[in-house]
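In full-length UniProt numbering, the protein residues as written are 1 to 180.
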Amino acid sequence: MTDPAAVPSIRRAHAGDADALALAGAATFLDTFAGILDGADIVAHCRKQHAAELYAQALADPATALWLAESALGAAPVGFAMLTAPNLPLADLRADDLELKRIYLLSRFHGGGTGRRLMQHAIDEARARGAGRLLLGVYAGNERALAFYARCGYAQIGEREFQVGGHTYHDAILALELAA
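Given below as structure tokens:
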């Protein structure tokens, strides 16, 4: 993706973006995990976790921030980032923690800087909210994502089990210290 005209734009998501977020969420989950996780589990997970109604609720929640990445051609949704209050099983959860609940980008847009830009939006917002640490959970077998997060400065601080459809998978819990 070397053509600057092909670089997706990123904007703050608004109430009318629930369908676009749901589509990007389900498409990206399928794009990432087809052939890795059980197909029926992927479908069940996307139906439940990427329903437009859930994104509409997130968009209405002032504690949640979302950014939508859109293709240069026709503004198709190609990814997004979601910042929320933390919901991770950590014994040392801090009052100033926030969670990068999702950062999704279709694979054809990897390597062009859009993921890094989405991450920067989340980091900037977390800092503006006074967060001292940004947390996330990621499938422990997703080596590409783990490498991206390591390049962004994240380190593993825990683990969790994560349910996708009828199976349990293992996630790494990562943290990025946001000290100024």
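Glycine residues also receive a C-beta, built at the ideal position from the N, C-alpha and C atoms.
For the ligand SAM, I want to know if Tyr169 counts as a neighbour, meaning its beta carbon is within less than 7 angstroms of at least one of the ligand's heavy atoms. Looking at this structure, you won't find the ligand SAM or any other ligand, since it has none at all.
Applying the 10 Å Cβ sphere with the 16-neighbour rule, what's the burial state of Asp171? buried
Excluding the five sequence neighbours on either side, which residues of its own chain have a C-beta within less than 7 angstroms of the C-beta of Gly153, listed in chain order? For Gly153, where only same-chain residues beyond five positions count, the Cβ hits under 7 angstroms are Leu176.
Whole angstroms are fine: how far does the CA of Arg102 sit from the CA of Arg129? Near 18 angstroms, if we compare the C-alpha coordinates of Arg102 and Arg129.
Whole-number beta carbon distance between Leu178 and Arg133, since they are thought to touch under 8 angstroms: 6 angstroms
On the three-pair Cβ rule with 8 angstroms, is the region 43-56 touching the region 89-100? no
Which of helix, strand or coil DSSP assigns to Arg94: coil
Residue from Ala140, His167, Leu174 and His121 whose Cα sits closest to the Cα of Thr64: His121
Give me whichever residues DSSP pairs with Gly158 in a beta bridge. Ile173
How big is the Cα-Cα spacing for Gln163 and Tyr169? 6 angstroms
Have a look at Gly25 and Gln49 and give me their C-alpha separation to the nearest angstrom. 9 angstroms
What first and last residue would you give for the beta strand (DSSP E) that runs through Phe80? Pro77 to Thr84
What is the DSSP secondary structure of Ile10, counted as helix, strand or coil? strand
Just to confirm the assignment, what range does the beta strand (DSSP E) spanning Gly137 have? Arg133 to Tyr139
Return the CA-CA distance between Ala60 and Ala15, expressed in angstroms with no decimal places. Separation of Ala60 and Ala15 (C-alpha to C-alpha, rounded to the nearest whole angstrom) is 7 angstroms.
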